[in-house]
Amino acid sequence: MYKLGKYHFKGFTHKPGHSANYAVLIKPVYKIWGMKYSPIHSYSYEHDILGNFSHPQIPKSYDYGRGELFENGKSVIIENYIVLEHFEGEDVVERYKKKRLPKIREIKKIVKYFASVAEPLKYLHSNGFVHTDIKPGHIIINPETEIAGLIDLKLTIRIGGVIKGISWDYASPEQKQMTKLLRDLPEDKDEKEVLSHVNIDGRADLYSVGLILYEILTGKLWTYTRQSPIEINKLVPQRLNDIVTGLLEEDPSNRIPSAEKFKEELACV
Numbered sequence: 001m002y003k004l005g006k007y008h009f010k011g012f013t014h015k016p017g018h019s020a021n022y023a024v025l026i027k028p029v030y031k032i033w034g035m036k037y038s039p040i041h042s043y044s045y046e047h048d049i050l051g052n053f054s055h056p057q058i059p060k061s062y063d064y065g066r067g068e069l070f071e072n073g074k075s076v077i078i079e080n081y082i083v084l085e086h087f088e089g090e091d092v093v094e095r096y097k098k099k100r101l102p103k104i105r106e107i108k109k110i111v112k113y114f115a116s117v118a119e120p121l122k123y124l125h126s127n128g129f130v131h132t133d134i135k136p137g138h139i140i141i142n143p144e145t146e147i148a149g150l151i152d153l154k155l156t157i158r159i160g161g162v163i164k165g166i167s168w169d170y171a172s173p174e175q176k177q178m179t180k181l182l183r184d185l186p187e188d189k190d191e192k193e194v195l196s197h198v199n200i201d202g203r204a205d206l207y208s209v210g211l212i213l214y215e216i217l218t219g220k221l222w223t224y225t226r227q228s229p230i231e232i233n234k235l236v237p238q239r240l241n242d243i244v245t246g247l248l249e250e251d252p253s254n255r256i257p258s259a260e261k262f263k264e265e266l267a268c269v
């Protein structure tokens, strides 16, 4: 049994590539809450960001802090933590990794899943925010409702702001450009100077969604193949193929422009 602050849990999970452990709490028992915790990352920013939102597909944040982690009554380490609404489900990419390339019936389900992904993105973007860290593990599919939850908003920024981090394999070209500009910025310069060269808005999130959708439909990473989905999986409908390639346009001005338009396009598949 583990205890951190006033919260109790039986076990935890840690996924490669993720900086925090995650546990489903057993106390308090009247809520389905989860906890992320890490000895090095503060969660005050994520807690504050989540306070801006009220959407059923984005978790609520109930508490955050720093405390001593106990295992079976024995002190282990000091951890930072955040207590969140728990979203039951599985990583949208992991759901398909063990299967062969999706066939028509599965593709219809995938279209439905990603139509639900558009909803929290539309909400975020219309409220002036960009997630900036859309990747496998941050889109959770509930197996019962088949609705997606959008989690891990620790890198979320205001539209037009400076990014706070990057998951390189699932980042948009403009995020990578900004990262390089920040890296090369002289120490005596304000990081906001990069904003005159590159702008981050909701289309960056849509590019990342395109990368994930491409990976599910083809079993491959767009970065290394650059083939259209239909060239790899002949069962991908032409309309869906065009949507994916429309999300993966390098130039944001040529990309599908909004989450709302993305959902409208999916409805026509």
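Residue numbers (UniProt numbering): 1 to 269. By construction, the Cβ of each residue, glycine as well, lies at the ideal position given by its N, Cα and C atoms. Small disclaimer: the values here were computed from a predicted structure and weren't measured.
Contact check for L211 against I107 fails: the beta carbons are separated by 9 Å or more. I82 and Y43 do touch by the CB rule: their CB atoms are close to 4 Å apart, below 8 Å. In the structure shown, the three-state DSSP call for R239 is helix. In the three-state scheme derived from DSSP, where H, G and I count as helix and E and B as strand, D91 is classed as strand.
Note on geometry: alpha-carbon atoms of L4 and L101 lie some 42 Å from one another.
The residue from S54, I40, I58 with its alpha-carbon nearest to that of G65 is I40. Distances from the CA of E94 to each of H131, V117, K135, P59 were compared; the closest alpha carbon is that of K135.
Going by DSSP, R255 is part of no alpha helix (DSSP H) at all; its letter is neither H nor E.
Separation of N199 and L69 (C-alpha to C-alpha, rounded to the nearest whole angstrom) is 41 Å. Rounded to the nearest whole angstrom, the CA to CA distance from S253 to I216 is 25 Å. Annotation for M35: the continuous beta strand (DSSP E) segment containing it runs 33 to 38.
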